[in-house]
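Below is one structure; the comments refer to it alone.
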Amino acid sequence: MSDIDWFPLRLSIQVALMATSAVVVTGVALGWLLARRRFFGRELLDAAVTLPLVLPPTVLGYYLLVLLGRASPVGRAFESLTGQPLVFTWKGAVIAAAIGALPLMVKSSRAAIGAVDRDLEDAARTLGQSEWRVFRRVTLPLAARGIIAAAMLAFARSLGDFGATLMVAGNIPGRTQTAAIAIYDATQSGRDDYALLLVLILSGAALLIVYATNKLAALR
Amino acid sequence: MLRVRIIKKIGEFALDVGFEAPPGVTILFGPSGSGKSMTLRAIAGILRPDSGAITISEETLFDAGRRIDIPARKRRVGYVFQNLALFPHLSVLENVEFGMGGDRASNRERALAIMESLRISQTARRRPRDISGGEAQRVALARALSSGPRILLLDEPLSAIDEATKTAIIADLKAINREMRLPIIYVTHSREEAITMGERVIVYERGRVIATGEPLAVFRAPATASVAKLTVADNIFEGTVITSSAEGGTMSVEISDGTGACRVEVPYGDAAAGQRVRVVVPPGDILLATEEPRLTSARNVLTGQITKIEVKSNHTHIEVLGGVRWTVSVTREAVRELGLATGNQVWLAFKTHSCYLLDESA
Chain A
1 MSDIDWFPLR LSIQVALMAT SAVVVTGVAL GWLLARRRFF GRELLDAAVT LPLVLPPTVL
61 GYYLLVLLGR ASPVGRAFES LTGQPLVFTW KGAVIAAAIG ALPLMVKSSR AAIGAVDRDL
121 EDAARTLGQS EWRVFRRVTL PLAARGIIAA AMLAFARSLG DFGATLMVAG NIPGRTQTAA
181 IAIYDATQSG RDDYALLLVL ILSGAALLIV YATNKLAALR
Chain B
221 MLRVRIIKKI GEFALDVGFE APPGVTILFG PSGSGKSMTL RAIAGILRPD SGAITISEET
281 LFDAGRRIDI PARKRRVGYV FQNLALFPHL SVLENVEFGM GGDRASNRER ALAIMESLRI
341 SQTARRRPRD ISGGEAQRVA LARALSSGPR ILLLDEPLSA IDEATKTAII ADLKAINREM
401 RLPIIYVTHS REEAITMGER VIVYERGRVI ATGEPLAVFR APATASVAKL TVADNIFEGT
461 VITSSAEGGT MSVEISDGTG ACRVEVPYGD AAAGQRVRVV VPPGDILLAT EEPRLTSARN
521 VLTGQITKIE VKSNHTHIEV LGGVRWTVSV TREAVRELGL ATGNQVWLAF KTHSCYLLDE
581 SA
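Line by line, the protein sequences give chains A and B. So the first sequence is residues 1 to 220, counted in the working numbering. So the second sequence is residues 221 to 582, counted in the working numbering.
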């Protein structure tokens, strides 16, 4: 088995890492906004952020294609800046994976930040701290455990994205074919051993991450 | 001088208060839910009033009309929260240093000096969850003082600690008050704390100020029935005027409660015979004797049996059944020297002018 194609797995890990870093920043920001600020349409925003969790991945992929495609304003802007299109590249896969992982990140961050005693934040304010410093010195450290657990779940979710990634990034072996897509491809073309290998690796990784997340949550 | 005049509605509850607090300890006294903590939060800038104004010295912190609302971080208000709100992820020392603006070395030096003066240096490296309630209270105080506040807000600072520690912290607070002469707003629902700590007391009820004055004056001679209910609680009796003499300056009133009835002489209060009145006798104004006092200027002498002895922080409550159920406040030494015990017969003596008629109109 020396000629095993590791590219899909490597790509999946890269995509998942990048998607997770993007989603941690936006997810924590949105989670804080939802947990700590009252504004018109707050629950609507929460619902919109949750949508990727319940929509069929193809619907999500369709939206992303329309939004990011070469004819769209975003797609055109990106292409004129970088000389490359966004869709049908690994960057498209990052965006698809990130959107899929965002609800997990936002929901968990909102819960973790919401669980921080507001009196502690108010105490920091009376001690002369700006809103940003209150967040950085009080809210974030106290919500850190929940946020790290959420980031791990977001990584696991990004690692295995299939539908949206297939729609947005396509199935180009050696370029955009992630592990999840490679499994589909392998079963379709009768390479059952290869499919099984990737299935076992992805399952093991997911199990490990969820186990570690639960452990982290149980720590006091 | 702190000046507060604010209105804030939250749901059904409306806070509508105004008061001034010069340097020294001003007590906000009242039952829970009467708006005391809300007032502190408004002064600190973490709750925005609907209208009104808050000023310290000549500086406006909040003025709804002029659209001024200085953010909490710029108000320089030291706030000790009811739950203390110590940062659980930081050490005690880091908690105290949290709000200091200087460089690291000078912050540490000042923090340690403040902690030294409050005798909590030994806790510096520990986490808040690993120190005692009394220590935590002092850490919260040290943290509030460390940022150089212009005013100190204390929300029930002694509610969760034992009597011995309370006495020590009261001494600390008095020392801070003497040295710094800041306006200190002290929220409590304990009469003992109000009398021990307060230079002025402001009595709250359902979001309004119902009395203001020196603690002893407010507590000994409550002006209205609603103030008395909050501040005295003991020895409030319903009664009927039997005889009334404007010339003599006294009235004879038959008072009663569930246990019985008796007659007392109270100051003349513009009430005719047959009229219903309410009488309050502060527990500290009643003399207690183990023999019948024969020569006394007290116009009220009653006898009864001790039914309960209850030791409080700095005094003892004796319950006596003599016509009605009386509460008498005496010192622990008195209990010991007189050999007071449940079941003993005792005599109660109090002056006419220790009886207060409650104004029912307010």
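Virtual Cβ for every residue (Gly too), placed ideally from N, Cα, C.
query = If we cut at 9 Å on Cβ distances, does N327 of chain B have a partner in chain A?
reply = no
request  = Just the C-alpha distance for A151 of chain A and L104 of chain A, rounded to the nearest angstrom, thanks.
outcome  = 8 Å
key: Unbroken beta strand (DSSP E) run spanning L248 of chain B, endpoints   = 244-249
ask   = Going straight from the alpha carbon of D166 of chain A to that of I172 of chain A, what length do you get?
value = Note that residue 166 of chain A is Leu in the sequence shown, not Asp. Answer to the nearest angstrom: the Cα atoms are 9 Å apart.
C-alpha gap between G368 of chain B and G146 of chain A, whole angstroms = 35 Å
message = Comparing C-alpha positions only, which one of A:S21, A:P8, A:L11, A:D5 sits nearest to I148 of chain A?
response = A:S21
ask   = Is it right to say T184 of chain B is buried, meaning 16 or more other beta carbons lie within 10 angstroms of its own, or is it exposed?
value = Because chain B is modelled from 221 through 582, residue 184 of chain B falls outside the range shown and cannot be assessed.
task = Name, in chain order, the residues that DSSP records as bridge partners for Y424 of chain B.
result = B:V429
task = From the DSSP output, read off the bridge partner residues of N520 of chain B.
result = B:F570
request  = Determine the direct distance from the alpha carbon of A123 of chain A to that of D117 of chain A, and round the result to whole angstroms.
outcome  = 10 Å
task = Kindly list the residues whose CB is nearer than 7 Å to the CB of L216 of chain A, restricted to its own chain and excluding five residues on each side of it in sequence; keep chain order.
result = R145, I148, A149
query = Which whole-angstrom value describes the C-beta separation of S366 of chain B and A331 of chain B, a residue pair presumed to lie in contact below a C-beta threshold of 8 Å?
reply = 6 Å
ask   = Distance, Cα to Cα, G163 of chain A vs G61 of chain A?
value = 7 Å
task = With hydrogens ignored, establish whether the beta-carbon of S12 of chain A is closer than 8 Å to any heavy atom of the ligand MG.
result = Among the components modelled here there is no ligand, and therefore nothing to report on the ligand MG.
task = Following the continuous beta strand (DSSP E) through D193 of chain A, name the residue where it begins and the one where it ends.
result = Premise fails: D193 of chain A lies in the alpha helix (DSSP H), 192-218, not in any beta strand (DSSP E).
query = Mapping DSSP to helix, strand and coil, what is R335 of chain B?
reply = Sequence inspection shows Met at residue 335 of chain B; the Arg mentioned does not correspond to that position. Three-state DSSP puts M335 of chain B in a helix.
task = Assess, as a yes-or-no matter, whether the region 550-570 of chain B is touched by the region 520-532 of chain B under the definition of 3 or more beta carbon pairs within less than 8 Å.
result = yes
task = Enumerate in chain order the residues of its own chain whose CB-to-CB distance from T536 of chain B is below 8 Å, with the five nearest sequence positions on each side excluded.
result = I529, E530, S549, V550, T551, R552, A554, V555
ask   = Counting contacts by CB-CB distance shorter than 9 Å, is K228 of chain B in contact with chain A?
value = no
request  = Kindly indicate which three-state DSSP category G298 of chain B falls into: helix, strand or coil?
outcome  = strand
ask   = In whole angstroms, what separates the C-alpha of S109 of chain A from that of R191 of chain A?
value = 41 Å
ask   = In the structure shown, what three-state DSSP assignment does K532 of chain B receive?
value = coil
request  = Go through its chain and collect everything with a Cβ distance to V272 of chain B's Cβ below 7 Å, but skip five positions before and after it.
outcome  = Inspection of the sequence shows that residue 272 of chain B is occupied by Gly rather than by Val. Correct list, in chain order: R225, I226, I227, A284.
message = Tell me the rounded alpha-carbon separation between R37 of chain A and R133 of chain A.
response = 16 Å
request  = Can you give me, in chain order, the residues of the region 101-127 of chain A that have a beta carbon less than 8 Å from any beta carbon in chain B?
outcome  = D117, D119, L120, D122, A123, A124, R125, T126, L127
query = If you compare alpha carbons, which of B:S472, B:G468, B:Q302 is closest to S379 of chain B?
reply = B:Q302
query = What span of residues does the beta strand (DSSP E) with I290 of chain B cover, start to end?
reply = Taken as a continuous stretch (DSSP letters only), I290 of chain B belongs to no beta strand (DSSP E), as it is neither H nor E.
message = Rounded to the nearest angstrom, what separates D119 of chain A and T126 of chain A at their Cα positions?
response = 10 Å
Nonlocal neighbours in the same chain, by C-beta distance under 8 Å from R401 of chain B, ignoring five residues either side = P243, G244
inquiry  = Using 8 Å for Cβ pairs, my map puts I263 of chain B next to V300 of chain B. What's the rounded Cβ distance?
reply    = Their Cβ separation, rounded to whole angstroms, is 13 Å, which puts I263 of chain B and V300 of chain B out of contact at 8 Å.
request  = Following the continuous beta strand (DSSP E) through R498 of chain B, name the residue where it begins and the one where it ends.
outcome  = 496-500
key: First through last residue of the alpha helix (DSSP H) which encompasses A101 of chain A   = 90-114
inquiry  = Check whether the region 466-484 of chain B and the region 410-426 of chain B touch, using three or more Cβ-Cβ pairs below 8 Å as the test.
reply    = no
request  = Along the beta strand (DSSP E) that carries V555 of chain B, what are the first and last residues, could you check?
outcome  = Taken as a continuous stretch (DSSP letters only), V555 of chain B belongs to no beta strand (DSSP E), being part of the alpha helix (DSSP H) at 552-558.
query = So what's G459 of chain B in DSSP terms, helix, strand or just coil?
reply = strand
message = If distances are taken between C-alpha atoms only, which option among A:A98, A:Q84, A:P141, A:G92 comes closest to A112 of chain A?
response = A:P141
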